[in-house]
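Reviewing the structure listed below.
Number of protein chains: 2
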Amino acid sequence: MVGSVALDSIATPSGKRENILGGSATYLSLAAGYFSPVNLVSVVGSDFPGSHLELLKERNIDLKGLIIKEKGKTFRWQGYYEDDFNEAHTVSTELNVFENFKPEIPQEYRDCDYLFLANIDPDLQREVLHQVKKAKFIVCDTMNYWITQKPESLKKVLAEVDAFMINESELRQFSGESNLLKAVKKVMGLGSDIVVVKRGDSGAAMFTGNSIFSLSAYPLEIIVDPTGAGDSFGGGFIGYVCRQDRIEEKVLRKAMVYGSAIASFNVGGFGTERLKDLKFEEIEKRYQEFKELTGF
Amino acid sequence: MVGSVALDSIATPSGKRENILGGSATYLSLAAGYFSPVNLVSVVGSDFPGSHLELLKERNIDLKGLIIKEKGKTFRWQGYYEDDFNEAHTVSTELNVFENFKPEIPQEYRDCDYLFLANIDPDLQREVLHQVKKAKFIVCDTMNYWITQKPESLKKVLAEVDAFMINESELRQFSGESNLLKAVKKVMGLGSDIVVVKRGDSGAAMFTGNSIFSLSAYPLEIIVDPTGAGDSFGGGFIGYVCRQDRIEEKVLRKAMVYGSAIASFNVGGFGTERLKDLKFEEIEKRYQEFKELTGF
Chain A
1 MVGSVALDSI
11 ATPSGKRENI
21 LGGSATYLSL
31 AAGYFSPVNL
41 VSVVGSDFPG
51 SHLELLKERN
61 IDLKGLIIKE
71 KGKTFRWQGY
81 YEDDFNEAHT
91 VSTELNVFEN
101 FKPEIPQEYR
111 DCDYLFLANI
121 DPDLQREVLH
131 QVKKAKFIVC
141 DTMNYWITQK
151 PESLKKVLAE
161 VDAFMINESE
171 LRQFSGESNL
181 LKAVKKVMGL
191 GSDIVVVKRG
201 DSGAAMFTGN
211 SIFSLSAYPL
221 EIIVDPTGAG
231 DSFGGGFIGY
241 VCRQDRIEEK
251 VLRKAMVYGS
261 AIASFNVGGF
271 GTERLKDLKF
281 EEIEKRYQEF
291 KELTGF
Chain B
1001 MVGSVALDSI
1011 ATPSGKRENI
1021 LGGSATYLSL
1031 AAGYFSPVNL
1041 VSVVGSDFPG
1051 SHLELLKERN
1061 IDLKGLIIKE
1071 KGKTFRWQGY
1081 YEDDFNEAHT
1091 VSTELNVFEN
1101 FKPEIPQEYR
1111 DCDYLFLANI
1121 DPDLQREVLH
1131 QVKKAKFIVC
1141 DTMNYWITQK
1151 PESLKKVLAE
1161 VDAFMINESE
1171 LRQFSGESNL
1181 LKAVKKVMGL
1191 GSDIVVVKRG
1201 DSGAAMFTGN
1211 SIFSLSAYPL
1221 EIIVDPTGAG
1231 DSFGGGFIGY
1241 VCRQDRIEEK
1251 VLRKAMVYGS
1261 AIASFNVGGF
1271 GTERLKDLKF
1281 EEIEKRYQEF
1291 KELTGF
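Residue numbers (the numbering used here), protein chains in the order written: chain A, 1 to 296; chain B, 1001 to 1296.
Have a look at this one:
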């Protein structure tokens, strides 16, 4: 997992928290850790609490690739959500040590089979791709900022990855198509064989060249904090594929369900709080609930 | 089926049509006719083309309950859709003979087992309920206009029906809740045991007291005209339940899929055009495609 590790301050209709553990690579790693050992590549400052490091270590996550800059401050994001949770409103972003982040993949990680490029500068995603050459399954994510700022670099990344994971609204923005299927075809033409679209409370959909899988969202009465929903989905997804170690339709579909299951728990607490005490049996139970929810 | 039969003039990004066959009861009846004989209760004027009457008759639809007012004009609606198809923009509505529509259920229809109250004045829906007393499965639909104008009357209708079918945005409006599950619970508290939520390109969901079924939408690259999508869904739904004549979870779930299948074809042509040549085998094939789309 290559991405951000952060300290977030979040306000939602359910309350607020300050300087809690966050960042895309954090959610990805915690979620994937339910299925597989994880190697985390990121950077934090000396203000990053040791308790967070302990949590990550306990959860199947190797921290050799997590640089701790002694003279730096951890990336911080402050934001809030309104009643409909449709959008994260950013109050402030302090890049801090992340400003000069250059992912250095430790030698012992370079032979890894599975690689997730979380939402970071596509130029940096490409640098990672140059260091990890043998991976058999590479997933990448992005966000509106990079779509606007570096579309050409992003396109070069897509030519080299197996699966592109993106929010529905960002997919529309990137493709310039309002129709989902047209948007996916356009993006698929850039190179990745698989496109996974995260659709919020409409669920998620996976497109391959010759099939479409559409999964409903798990209906939730209470959402405490949607931060990290997409990343915990992505972590569950790649974690399950890695565990099965077979990149085939059936496995990928199940991976979508496991990803959705973890995301459905994640939004039930602030930041990573819910993932801290989430048991694997609960994830398995939710997988069955997805069967009941969608079966006919 | 009790509802409107209309002549619609529709413009969409795919083109336009004038005075074509429309109306909620028309879509409902054509869709339900694939599964079961239909009794249609509505009113048209003397300008209503005989060819439309012929089409309806050919399609398993009894017209004893369709009043033709010799001195009246048929209900007409004119509207258009923009690129995203999110909303029907009304240009004009001429109620004409529909203005004084008082549904008179023919004696031979009064013992029917299945009743669909399409989107009409809830006061009229209640008059129908007083005439059809033995139905074992009653579905009703509504729209934003009645939610705003006659919420109390609508609530009285809901106390007497088995299933309430509603658009997601109208459900939110009616319940005052942005969370889907909370909105459904609030509405269920008014009486109907089943709530079916039509979610557009997010699919449809069915809530009973102890289960939720969530079905993805069939992904379509081209939408010609979304008019009648919800009503053709509703018609396929009740038609299939009527054909099976068992009101049980398994049947209701399949009914949701058949309704969605017909709706997915309906939006491929203007007005009812696509339903005119749609074969049952195509519907069965799409049902299987829904299995492939959603199975894991």
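By construction, the Cβ of each residue, glycine as well, lies at the ideal position given by its N, Cα and C atoms.
Nearest-angstrom Cβ-Cβ length linking Ser1216 (chain B) and Thr1294 (chain B), presumed shorter than 8 Å
Indeed they touch by this definition, with Cβ atoms about 6 Å apart.
Residue range of the beta strand (DSSP E) that Ile1068 (chain B) falls in?
From DSSP, the beta strand (DSSP E) with Ile1068 (chain B) extends over 1066 to 1069.
Give me whichever residues DSSP pairs with Trp1077 (chain B) in a beta bridge.
Secondary-structure assignment with DSSP links Trp1077 (chain B) through a beta bridge to B:Asp1008, B:Thr1093.
Cβ contact (3+ pairs, closer than 8 Å) linking the stretch 1019 to 1029 of chain B and the stretch 1268 to 1284 of chain B
Yes, they touch.
For the stretch 1056 to 1070 of chain B against the stretch 1252 to 1271 of chain B, are there 3 or more C-beta pairs whose distance is under 8 Å?
Taking a contact to require three or more Cβ pairs closer than 8 Å, the stretch 1056 to 1070 of chain B and the stretch 1252 to 1271 of chain B do not qualify as touching.
Does Asp245 (chain A) get closer than 9 Å to chain B when you measure Cβ to Cβ?
Under the 9 Å criterion on CB atoms, Asp245 (chain A) is classed as non-interfacial with respect to chain B.
Are three or more beta carbon pairs between the stretch 47 to 56 of chain A and the stretch 239 to 258 of chain A nearer than 8 Å?
Per the Cβ contact rule, the stretch 47 to 56 of chain A is not in contact with the stretch 239 to 258 of chain A (fewer than 3 Cβ pairs under 8 Å).
Thinking Phe1116 (chain B) and Glu1094 (chain B) are a contact (beta carbons under 8 Å), I'd like their distance in whole angstroms, please.
Not quite, the Cβ-Cβ distance comes to about 24 Å (not below 8 Å), so this is no contact.
Taking Cβ to Cβ, would you say Gly1003 (chain B) is nearer than 9 Å to Asp1162 (chain B)?
Not in contact: Gly1003 (chain B) and Asp1162 (chain B) (Cβ atoms no closer than 9 Å).
Backbone CA spacing between Asp1121 (chain B) and Trp1146 (chain B) [nearest angstrom]
Spanning the two alpha carbons is a distance of roughly 7 Å.
So is Phe1072 (chain B) in contact with chain A if we call contact Cβ pairs under 9 Å?
It should be pointed out that residue 1072 (chain B) corresponds to Gly in this sequence rather than to Phe. Chain A, which has no Cβ nearer than 9 Å to the Cβ of Gly1072 (chain B), makes this no.
Chain-ordered chain B contacts of Glu221 (chain A) [CB-CB under 7 Å]
Under a criterion of Cβ atoms nearer than 7 Å, the residues of chain B adjacent to Glu221 (chain A) are, in order, Asn1179, Leu1181, Lys1182.
For Phe1098 (chain B), name the three-state secondary structure that DSSP assigns.
If DSSP states are grouped into helix, strand and coil, Phe1098 (chain B) belongs with the helices.
Please check if any C-beta of chain A sits within less than 9 Å of the C-beta of Lys1198 (chain B).
By the rule that beta-carbons nearer than 9 Å mark a contact, Lys1198 (chain B) does not touch chain A.
Reference Phe98 (chain A); option with closest CA among A:Ser42, A:Glu82, A:Tyr80, A:Leu129
With distances taken between Cα atoms, Phe98 (chain A) lies closest to A:Ser42.
When Cβ atoms are compared, which residues of the stretch 1247 to 1265 of chain B fall closer than 9 Å to chain A?
Residues Lys1250, Arg1253, Lys1254, Met1256, Val1257.
Residues of the stretch 211 to 238 of chain A in Cβ contact with chain B at a cutoff of 9 Å, in chain order, please.
Residues of the stretch 211 to 238 of chain A with a Cβ closer than 9 Å to any Cβ of chain B, in chain order: Ser211, Ile212, Phe213, Ser214, Leu215, Ser216, Ala217, Tyr218, Pro219, Leu220, Glu221, Ile222, Ile223.
Close Cβ partners of Asn1167 (chain B) (< 7 Å) along its chain, the five nearest in sequence each way excluded:
Within the same chain, Lys1198, Gly1230 come within 7 Å of Asn1167 (chain B) by CB-CB distance, once the 5 residues on both sides are set aside.
Under 8 Å Cβ-Cβ, which residues of chain D neighbour Leu293 (chain A)?
Looking for chain D here will not work: the only protein chains present are A and B.
State the CB to CB distance for the pair Lys102 (chain A) and Glu70 (chain A), rounded to an integer number of angstroms; the pair is presumed to be in contact (CB under 8 Å).
Not quite, the Cβ-Cβ distance comes to about 17 Å (not below 8 Å), so this is no contact.
Taking a contact to mean a Cβ-Cβ separation below 9 Å, would you say Val1184 (chain B) touches Phe1213 (chain B) in this structure?
The Cβ atoms of Val1184 (chain B) and Phe1213 (chain B) do not sit closer than 9 Å to each other.
Determine, using beta carbons only, whether Ala11 (chain A) comes closer than 9 Å to chain B.
No, its Cβ sits nowhere closer than 9 Å to a Cβ of chain B.
Among A:Ala135, A:Leu190, A:His130, A:Ala118, nearest to Glu152 (chain A) - alpha-carbon criterion
When A:Ala135, A:Leu190, A:His130, A:Ala118 are compared, the shortest CA-CA separation from Glu152 (chain A) is found for A:Leu190.
Quick check: is the beta carbon of Lys285 (chain A) nearer than 9 Å to any beta carbon in chain B?
Put simply, the CB of Lys285 (chain A) is far from chain B, with every gap to its CB atoms at 9 Å or more.
Using DSSP with H/G/I as helix, E/B as strand and the rest coil, what is Thr1142 (chain B)?
It is coil, neither helix nor strand.
Excluding the 5 residues preceding and the 5 following Ile298 (chain A) in the sequence, name in chain order all residues of the same chain whose CB lies nearer than 6 Å to its CB.
Since the displayed chain A opens at 1 and closes at 296, residue 298 (chain A) lies outside it and no answer follows.
Could you check if Asn1119 (chain B) is buried or exposed, using at least 16 other CB atoms within 10 Å of its CB as the buried criterion?
Buried, since its Cβ has 16 or more Cβ neighbours within 10 Å.
What span of residues does the beta strand (DSSP E) with Phe1270 (chain B) cover, start to end?
Here Phe1270 (chain B) belongs to no beta strand (DSSP E), and DSSP marks it neither H nor E.
Using a C-beta to C-beta distance shorter than 7 Å, which residues of chain B count as neighbours of Phe35 (chain A)?
Ordered by position in chain B, no residue passes the 7 Å Cβ test against Phe35 (chain A), which lies about 16 Å from the chain.
Own chain, CB closer than 8 Å to Lys1156 (chain B), minus 5 neighbours either side, in chain order:
Spatial neighbours of Lys1156 (chain B) in its own chain (CB-CB distance under 8 Å, excluding positions within 5 residues in sequence) are listed in chain order as Pro1122, Arg1126.
Cβ of Gly203 (chain A) less than 9 Å from any chain B Cβ?
It does: the Cβ of Gly203 (chain A) has a partner Cβ on chain B nearer than 9 Å.
Measure from the C-beta of Asp1083 (chain B) to each C-beta in chain A and report whether the shortest distance is under 9 Å.
By this cut-off, Asp1083 (chain B) is an interface position.
Is the CB of Phe280 (chain A) under 9 Å away from at least one CB in chain B?
It does not: the Cβ of Phe280 (chain A) has no partner Cβ on chain B nearer than 9 Å.
Nonlocal neighbours in the same chain, by C-beta distance under 6 Å from Ser1046 (chain B), ignoring five residues either side:
For Ser1046 (chain B), where only same-chain residues beyond five positions count, the Cβ hits under 6 Å are Glu1070.
Within the same chain, show all residues whose beta-carbon is closer than 8 Å to that of Asp84 (chain A), passing over the 5 residues directly before and after it, in chain order.
Taking Asp84 (chain A) as the centre and dropping the five residues before and after it, the same chain places no C-beta closer than 8 Å to its C-beta.
With DSSP as the reference, label Met1188 (chain B) as helix, strand or coil.
Correct three-state label for Met1188 (chain B): helix.
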